[in-house]
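What follows is one structure encoded as structure tokens, with my remarks underneath.
Number of protein chains: 2
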Amino acid sequence: MTQNQAKKISKSDRTRAHILEAARLLFAERGYDGASIRDVAAHASIDPAMVIRYFRSKDELFARAAIVDLHLPELRMIDRAAIGETLIRRFLEIWEGPASGPGMTILLRSAMSNDYAAEKLREVFASQVRPVVAAVGDPADAGRRAGLVSSQLLGLAMCRYLLRLPPVVALSHDEIIRNVGPALQRYVTEEDLS
Amino acid sequence: MTQNQAKKISKSDRTRAHILEAARLLFAERGYDGASIRDVAAHASIDPAMVIRYFRSKDELFARAAIVDLHLPELRMIDRAAIGETLIRRFLEIWEGPASGPGMTILLRSAMSNDYAAEKLREVFASQVRPVVAAVGDPADAGRRAGLVSSQLLGLAMCRYLLRLPPVVALSHDEIIRNVGPALQRYVTEEDLS
DNA sequence: GTCTATAATTCGATAGAC
DNA sequence: GTCTATCGAATTATAGAC
């Protein structure tokens with residue numbers, strides 16, 4: 001490994017980052033099939049051959065664009081009665097907050113018709129969602145509870161951000177918190193539902 | 001209109017129905033982009049040109065394949081406290097019952113990356129889901145309540161039938177009814193959530 | 001009514017000049 | 001490092017023989 005590769009931010013790195021940014025935008029807007037390498041190149045103001053040169057294939061480009069870290073909070077540290085509200089507030093930050101990226105949009109839009117995206121989304125569930133829920137209850141129940149939470153939150157994301165169902169788009173943040181928060185609270189903490 | 005067209009079930013009609021059945025199966029499994037006219041023709045054991053001859057275009061074929069009637073029950077006729085359970089039971093019939101078709105799978109799988117499918121799904125919501133909810137409460141709230149119900153049910157369908165999230169797939173019908181039913185009940189009948 | 005042949009695009013990916 | 005040119009495959013859709 002040369003000093004250049006280790007220390008400097010080369011023009012290559014900037015070009016690569018530029019391509020990746022364009023890819024994330026287009027994969028989020030149109031999904032895997034709908035976003036062609038030619039489209040990505042045009043958005044990055046570069047030749048299509050360069051996209052392949054930097055990422056080898058469309059599949060590898062998508063894999064790089066579809067990396068997601070939800071940064072879910074440790075639920076053990078908060079009041080047990082506030083878990084539902086905590087989760088739905090974090091949901092709104094992930095999808096609409098100032099630091100929100102297109103990661104989940106990319107995964108969710110493509111997961112319905114692309115096996116790799118579906119597998120990546122299942123991995124996000126298994127490695128990031130389920131453990132957080134498992135930490136605040138019987139681990140034997142964690143999968144079911146985390147699955148129910150995910151069904152509600154992925155459904156809300158789908159209806160509000162992808163399908164754009166008018167009444168769901170119209171919901172204010174406060175309405176979402178007051179309506180969906182208690183449903184999540186119940187899925188995570190209710191005792192007699194197994 | 002000749003007598004043939006009006007009365008007889010011609011070979012044309014059977015071929016047409018055969019093509020449509022193959023199309024519904026493949027659109028449900030792979031989505032709009034993933035199911036080619038050639039695939040549909042192969043599944044129907046017929047020439048690709050025949051598919052175009054009978055349906056003019058892939059778009060028209062998809063439009064025919066994506067017709068959905070949920071047959072939702074009249075909620076006014078049942079006990080108000082049983083609305084949530086009634087809805088989730090109907091949900092399971094639509095997706096897994098003996099008379100269930102691939103209609104909703106076709107729409108849901110393609111709606112994330114196909115504008116026509118998304119619009120059709122919004123139409124199903126506006127014409128079939130929202131009116132049913134509006135009949136059992138303040139019509140001014142109907143959109144929001146129906147939207148919340150749809151976010152939960154479409155999310156559950158997505159996780160269980162398309163994404164196949166293992167813990168959600170593993171849920172028994174009874175578990176789904178006991179877990180999700182009350183959440184729907186609350187979305188439809190709770191008073192102070194506007 | 002069915003099929004062959006093919007037109008017209010679009011796609012991902014490669015080779016090679018500069 | 002960047003671009004031109006192009007390959008090979010796949011797609012929707014059409015024209016026309018039989």
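Respectively, the protein sequence lines represent chains U and F.
According to UniProt numbering, the first sequence holds residues 1 to 194 in order.
According to UniProt numbering, the second sequence holds residues 1 to 194 in order.
Where is the CB? At the ideal position from N, CA and C, for every residue including glycine.
- Query: Grouping DSSP H, G and I as helix and E and B as strand, with all else coil, what is T2 of chain F?
  - Reply: Residue placement at T2 of chain F is flagged as unreliable, the pLDDT there being 46, under the threshold of 50; the coordinate-derived value follows with that caveat. In the structure shown, T2 of chain F sits in coil (DSSP, three-state: anything other than H, G, I, E or B).
- Does S113 of chain U come within less than 8 Å of chain F when only Cβ atoms are used? Nearest CB-CB separation between S113 of chain U and chain F: below the 8 Å threshold.
- Query: Roughly how many whole angstroms lie between the Cα atoms of D115 of chain F and D39 of chain U?
  - Reply: One C-alpha to the other measures close to 18 Å.
- Query: Does the Cβ-Cβ distance between L107 of chain U and V68 of chain U come in under 8 Å?
  - Reply: Remark: C-beta atoms of L107 of chain U and V68 of chain U approach each other more closely than 8 Å.
- What is the DSSP secondary structure of I52 of chain F, counted as helix, strand or coil? The answer is helix: DSSP assigns I52 of chain F an H, G or I state.
- Do you know offhand how far I176 of chain U's Cα is from A135 of chain F's? Going by the C-alpha atoms only, they are around 23 Å apart.
- Message: I need the DSSP call for M104 of chain F, collapsed to helix, strand or coil.
- Response: Helix.
- Message: Tell me the DSSP secondary structure of V136 of chain F in three-state form.
- Response: Look at V136 of chain F here: in three-state DSSP terms it is coil, with no helix or strand label.
- Measure the Cβ-Cβ separation of V180 of chain F and L156 of chain F and say whether it is below 8 Å. Yes, the Cβ-Cβ distance between V180 of chain F and L156 of chain F is below 8 Å.
- Anything in the region 72-86 of chain F with a Cβ closer than 8 Å to a Cβ of chain U? List those residues in chain order, please. Identification of residues in the region 72-86 of chain F having a C-beta nearer than 8 Å to some C-beta of chain U yields an empty set.
- Could you please tell me which residues of the region 118-150 of chain F, in chain order, have their CB closer than 7 Å to any CB of chain U? Residues passing the 7 Å Cβ filter: A118, L121, R122, F125, G143, R144, A146, G147, L148 and S150.
- Item | Closer than 8 Å to chain F by CB, M158 of chain U | Under the Cβ criterion of 8 Å, M158 of chain U is counted among the residues facing chain F.
- Message: Among U:V129, U:P139, U:D174 and U:H173, whose alpha-carbon lies nearest the alpha-carbon of L154 of chain U?
- Response: Looking from the CA of L154 of chain U, the closest CA among U:V129, U:P139, U:D174 and U:H173 belongs to U:V129.
- Interface residues of chain F facing P102 of chain U [CB-CB closer than 9 Å]: For P102 of chain U, none of the residues of chain F pass the 9 Å Cβ criterion, the least Cβ distance being about 14 Å.
- Message: Let's see if you can read the secondary structure: which residues bound the alpha helix (DSSP H) around V129 of chain U?
- Response: DSSP places V129 of chain U outside any alpha helix (DSSP H), giving it a letter other than H or E.
- Task: Give a yes or no on whether the C-beta atoms belonging to H18 of chain F and A35 of chain F are separated by under 8 Å.
- Result: When the beta-carbon positions are compared, H18 of chain F and A35 of chain F stay at least 8 Å from each other.
- Item | Proximity to R30 of chain U [Cα-Cα], best of F:E60, F:A118 and F:L171 | Comparing C-alpha distances from R30 of chain U to each of F:E60, F:A118 and F:L171 shows the shortest one belongs to F:A118.
- P167 of chain F, buried or exposed, once every other Cβ within 10 Å from all chains shown has been counted against 16: Looking at its Cβ environment, which holds 16 or more other Cβ atoms inside 10 Å, P167 of chain F is buried.
- Task: Could you pull the start and end residues of the alpha helix (DSSP H) that H173 of chain U belongs to?
- Result: H173 to T189 is the span of the alpha helix (DSSP H), which, as asked, contains H173 of chain U.
- Query: Cα-Cα, which of U:L171, U:P102, U:A99 and U:D141 is closest to D192 of chain U?
  - Reply: The shortest Cα separation from D192 of chain U among U:L171, U:P102, U:A99 and U:D141 belongs to U:D141.
- Taking Cβ to Cβ, would you say R64 of chain U is nearer than 8 Å to L20 of chain U? Between R64 of chain U and L20 of chain U, the CB-CB gap stays under 8 Å.
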